[in-house]
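> Take a look at this one; I'll ask things after.
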Amino acid sequence: MRLNRLPYLSVLLLALGGQAFAHGFHYQLDVASQLQENANGELTGVRMNWFYDTEVTDMLLEGEDLSAAKRAETLQTIGQQVIADLGKLHYFTNLSLDGKPLALAAATDFHMDLSPDNHLNLNFLLPLPAAQDLHGKHLDITMADSTGSAILIYKDVSRIRLGEKLAAACTLTLQDRQAFADGEPAQLLRMQCQ
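Below, the structure is given as structure tokens:
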């Protein structure tokens, strides 16, 4: 039986330096998102696309069979384990509408790929239990790993895509936080809708 990936990753990080977390070991997840809408322009979920750095990719793939015959199966198994562990940590993602937290349903439609430059890419959908009308409201999205290891970053606001109706009614701002403690969001994404 294989170990779950996030606890497994923690064991590997500790093995790297004994007190890796105490010395502030961090890895960065390069994030892109697409806000999903229904025919009425209501928010129905957020599709996440995470790109892992080289070091974490190497750790997660260590000892795995990536032969042509087994590659797809291996990546699917890793993806399943990572998604299961992320679910216990709320997928590192918090949404609030006019300051009130929005619930997220369990991740769906996920897949793990390996890019040509050998970085793992996790793509998944975080659906909302009920569609949300954003007219005249603001939506905030923050992402943080409560364990303090992963730092989730949008390179810039172009990494967030909106559906046609949301794009016509809403504007996006991305605020970098100059100082943040381990386990806190490095950025605030705000969508203000008319």
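Quick note, the sequence shown lines up with residues -22 to -1, 1 to 172 if you use mature numbering (1 follows the signal peptide of the UniProt record, and there is no 0). Where is the CB? At the ideal position from N, CA and C, for every residue including glycine.
1) Note down the Cα distance separating P60 from L144, rounded to an integer number of angstroms.
2) Would you list, in sequence order, the uninterrupted alpha helix (DSSP H) runs of no fewer than 4 residues that lie entirely inside the region 12 to 67?
3) Could you check whether G57 and L7 sit closer than 8 angstroms to each other, using their CB atoms as the reference points?
4) On the criterion of 16 or more Cβ atoms from any shown chain inside 10 Å, does G19 qualify as buried, or is it exposed?
5) Rounding to the nearest angstrom, what Cα-Cα distance links L117 and Y30 in this structure?
6) Whose CA, out of L140, D134 and A147, lies closest to the CA of Q153?
7) May I ask you to report which of helix, strand or coil DSSP gives F88?
8) In three-state DSSP terms, what is R155?
9) So, with DSSP's three-state summary, where would you put S93?
10) Less than 8 angstroms between the C-beta atoms of I119 and L167, yes or no?
11) Would you grab the beta carbon distance between F102 and D87 for me? Rounded to a whole angstrom, and I think it's under 8 angstroms.
12) Please return the same chain residues whose Cβ sits closer than 8 angstroms to the Cβ of S93, not counting the five positions on each side in sequence.
13) Around the C-beta of A122, are 16 or more other C-beta atoms found within 10 angstroms, so that it is buried, or is it exposed?
14) Residues in its own chain within less than 6 angstroms of A147 by CB, not counting five upstream and five downstream?
15) Any idea what DSSP makes of Y132, helix, strand or coil?
16) Can you give the Cα-Cα distance for S11 and L38, rounded to whole angstroms?
17) Could you tell me if L44 is buried or exposed, where buried requires 16 or more neighbouring beta carbons within 10 angstroms of its beta carbon?
18) Cutting at 7 angstroms between CB atoms, please list the residues of its own chain near F158, excluding the five before and the five after it.
19) Under the rule that 16 or more other beta-carbon atoms within 10 Å means buried, what is E15, buried or exposed?
20) Distance, Cα to Cα, D36 vs T55?
According to the data block:
1) One detail in the question is off: residue 60 reads as Val in this sequence, not Pro. When rounded, the distance between both Cα atoms is 30 angstroms.
2) Entirely contained in the region 12 to 67, the alpha helix (DSSP H) runs reaching 4 residues are, in chain order, 32 to 39 and 49 to 66.
3) It is not a contact, given that the beta carbons lie outside the stated cut-off.
4) Buried: at least 16 other Cβ atoms inside 10 Å.
5) Cα to Cα, the separation comes out at about 26 angstroms.
6) Ranking L140, D134 and A147 by CA distance to the CA of Q153 puts D134 first.
7) Residue state, collapsed to three classes: strand.
8) The answer is coil: DSSP assigns R155 none of H, G, I, E or B.
9) Reduced to three states, the DSSP call for S93 is coil.
10) Yes, these two residues count as a Cβ contact at 8 angstroms.
11) Right, the Cβ-Cβ distance comes to about 7 angstroms (below 8 angstroms), so this counts as a contact.
12) For S93, where only same-chain residues beyond five positions count, the Cβ hits under 8 angstroms are F29 and N99.
13) By the beta-carbon neighbour count (other beta carbons within 10 angstroms, threshold 16), A122 is buried.
14) Closer than 6 angstroms at Cβ, skipping near neighbours: C171 and Q172.
15) Looking at Y132 - three-state DSSP - the assignment turns out to be coil, as it is neither helix nor strand.
16) Across the structure, S11 and L38 are spaced so that their CA atoms are roughly 23 angstroms apart.
17) By the neighbour-count rule (16 or more Cβ atoms within 10 Å), L44 is not buried but exposed.
18) Correct list, in chain order: A164.
19) E15 is buried by the Cβ-count criterion.
20) In a straight line, the C-alpha of D36 is about 16 angstroms away from that of T55.
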